[in-house]
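> Please see the structure below; I have some questions.
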């Protein structure tokens, strides 16, 4: 990305090459901006009949839910009526430099529910669900559900042998879990442990199809930071770069050319047509530039006496 020219750290309407709806930033600005956009759209539609329709999406990091501005917006009584608002929380249990030990997803979900939001949880992908469906799999689900964030994060860095040693733990279900892990091959076990719902497009599609348009919705999508990369799940992988060897290994796995990472699909191929049609469907008419009104240098009123913004 850096060799290609890079992108801004935050989406920017002024600096990004593609059309961006909201310029965002830190301290919860990106999460809450579409809420005010939804309110503004309703006002324009009610006043002028030209507000259009559609949902307002926010993609939110789980650590961003620490920001006070987020909860000020969530708890606003008017927000509970905004059915076009959808937040997708990328729940990867990591902040910039560590695994956050005390992200209580259940508590966050209850807080949104108490504020009148629809809460949808996409926790596990198909491979993980297939592991749970095996005899004794309910013990594996229970173990992972009750596992602390740092312990699960450690499992993501384990090979199959280490997983079979660590996953059973020392609880009453240890024997059942050990039997489940012994019955699957190495590749299946390693893939399943990292197969969270936020990486399963079918699971996400099913979740989005259940959105209730009469109230705001939050989707908790469980993910692994750096999923599919050599650095996946590492507690300090934020902004880490792959080595040349890791890039080449990734390219081989994806069937790509590491020396031509921005190669386009061949003209006329199914993939090229899909990209072209999607870009056309999502394209928007250019927003006309309005001329700024001229401002008078004198408004014809001279202040008299003393004015203050301070209480006396």
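Residue numbers (the working numbering): 1 to 312.
Note that beta-carbon positions come from the ideal geometry of N, C-alpha and C, so glycine has one too.
(1) What would DSSP say about residue 90, mapped onto helix, strand or coil?
(2) Span of the alpha helix (DSSP H) holding residue 278?
(3) Any idea what DSSP makes of residue 37, helix, strand or coil?
(4) Just confirm the distance between the C-beta atoms of residue 52 and residue 41, as a whole number of angstroms; I'd bet it's less than 8 Å.
(5) Looking at the structure shown, is residue 211 part of a helix, part of a strand, or coil, going by DSSP?
(6) Do you know how far the Cα of residue 286 is from the Cα of residue 18?
(7) Considering only the alpha carbon of each residue, which of 119, 156, 46 and 43 lies closest to residue 191?
(8) Which runs of the alpha helix (DSSP H), 4 residues or longer, sit entirely within the region 182 to 209?
(9) Return the CA-CA distance between residue 123 and residue 35, expressed in angstroms with no decimal places.
(10) Is it true that the CB of residue 115 sits closer than 9 Å to the CB of residue 85?
(11) Could you tell me the alpha carbon to alpha carbon distance between residue 153 and residue 146, rounded to whole angstroms?
(12) Alpha carbon to alpha carbon, how far is residue 264 from residue 257?
(13) Count the C-beta pairs between the region 69 to 78 and the region 169 to 183 that are closer than 8 Å, then say yes if the count reaches three, no if not.
(14) Could you give the C-beta distance for residue 90 and residue 207, rounded to a whole number, given that I count them as a contact under 8 Å?
(15) Which two residues bound the contiguous alpha helix (DSSP H) that contains residue 251?
(16) Taking 7 Å as the limit between beta carbons, can you name the residues of its chain near residue 99, skipping five residues before and five after?
(17) Buried or exposed: residue 262, going by 16 or more other Cβ atoms within 10 Å of its Cβ?
(18) Compare the beta carbon distance of residue 313 and residue 231 with 9 Å and say whether it is the shorter of the two.
(19) Quick one: give me the first and last residue of the alpha helix (DSSP H) that residue 161 is part of.
(20) Using a Cβ distance threshold of 8 Å, determine whether the region 5 to 16 contacts the region 45 to 59, with at least three qualifying pairs required.
(21) Using the rule of at least 16 other Cβ atoms within 10 Å of the residue's Cβ for burial, across every protein chain shown, is residue 195 buried or exposed?
(22) Is the distance from the Cβ of residue 188 to the Cβ of residue 127 below 9 Å?
(23) Would you report the Cα separation of residue 10 and residue 4, rounded to the nearest angstrom?
(24) Could you check the C-alpha separation between residue 313 and residue 279 for me, to the nearest Å?
(25) Would residue 168 be called buried (16 or more neighbouring beta carbons within 10 Å of its own) or exposed?
(26) Below 8 Å on the Cβ atoms is my contact criterion, and I expect residue 186 with residue 160 to pass it. Report the Cβ-Cβ distance as a whole number of Å.
(27) Could you work out which residue in 45, 39, 81 and 259 is closest to residue 212 when comparing CA atoms only?
(28) Apply the 10 Å Cβ neighbour rule to residue 110 and answer buried if 16 or more other Cβ atoms are within range, or exposed otherwise.
(29) Is residue 255 closer than 9 Å to residue 223 when the C-beta atoms are compared?
(30) As an exercise, report each continuous alpha helix (DSSP H) stretch of at least 4 residues that is fully enclosed by the region 95 to 136, in chain order.
(31) Leaving out five residues on either side along the sequence, give the residues of the same chain with a beta carbon under 6 Å from the beta carbon of residue 118.
(32) Within 10 angstroms of its Cβ, does residue 38 collect 16 or more other Cβ (buried), or is it exposed?
Taking the coordinates as given:
(1) If DSSP states are grouped into helix, strand and coil, residue 90 belongs with the strands.
(2) Residue 278 -> alpha helix (DSSP H) spans 270 to 282.
(3) Three-state DSSP puts residue 37 in a helix.
(4) At roughly 7 Å, the Cβ-Cβ gap stays under 8 Å, so residue 52 and residue 41 are in contact.
(5) In this structure, residue 211 counts as coil in the three-state DSSP scheme.
(6) Going from the Cα of residue 18 to the Cα of residue 286 covers about 12 Å.
(7) Out of 119, 156, 46 and 43, 156 has the C-alpha closest to the C-alpha of residue 191.
(8) For the region 182 to 209, whole alpha helix (DSSP H) runs of length 4 or above, ordered along the chain, are 186 to 193 and 201 to 208.
(9) Taking the Cα positions, residue 123 is about 25 Å away from residue 35.
(10) Cβ atoms of residue 85 and residue 115: not closer than 9 Å.
(11) Residue 153 and residue 146: Cα-Cα distance of roughly 13 Å.
(12) Going from the Cα of residue 264 to the Cα of residue 257 covers about 11 Å.
(13) A contact between stretches requires three or more CB pairs, one per stretch, nearer than 8 Å, and the region 69 to 78 fails this requirement with the region 169 to 183.
(14) The C-beta distance from residue 90 to residue 207 rounds to 14 Å, too long to meet the 8 Å contact threshold.
(15) Looking at the DSSP string, the run of the alpha helix (DSSP H) that includes residue 251 is 244 to 254.
(16) Within its own chain, the residues whose Cβ lies closer than 7 Å to the Cβ of residue 99, once the five positions on either side in sequence are excluded, are 93, 149, 150, 153 and 235, listed in chain order.
(17) Exposed, since its Cβ has fewer than 16 Cβ neighbours within 10 Å.
(18) This structure does not reach residue 313, given that the chain is present from 1 up to 312, and the question cannot be answered.
(19) For residue 161, the enclosing alpha helix (DSSP H) has its first and last residue at 160 to 166.
(20) Put simply, the region 5 to 16 does not touch the region 45 to 59. Fewer than three CB pairs are less than 8 Å apart.
(21) Answer is buried; the Cβ neighbour count reaches 16.
(22) With a cutoff of 9 Å on beta-carbon distance, residue 188 and residue 127 are scored as near each other.
(23) For residue 10 and residue 4, the distance between alpha carbons rounds to 17 Å.
(24) Residue numbering for the chain in the displayed model covers 1 to 312; residue 313 lies beyond these limits and cannot be assessed.
(25) Result: buried.
(26) Yes, they are in contact, since the Cβ atoms of residue 186 and residue 160 sit about 4 Å apart, within 8 Å.
(27) Of the candidates 45, 39, 81 and 259, the residue whose Cα lies closest to the Cα of residue 212 is 81.
(28) Exposed, since its Cβ has fewer than 16 Cβ neighbours within 10 Å.
(29) With contacts defined by Cβ atoms closer than 9 Å, residue 223 and residue 255 do not form a contacting pair.
(30) Whole alpha helix (DSSP H) segments, 4+ residues: 105 to 114 and 126 to 132.
(31) Same-chain partners within the cutoff: 212, 215 and 217.
(32) Classification of residue 38: buried, given that the 10 Å Cβ count is 16 or more.
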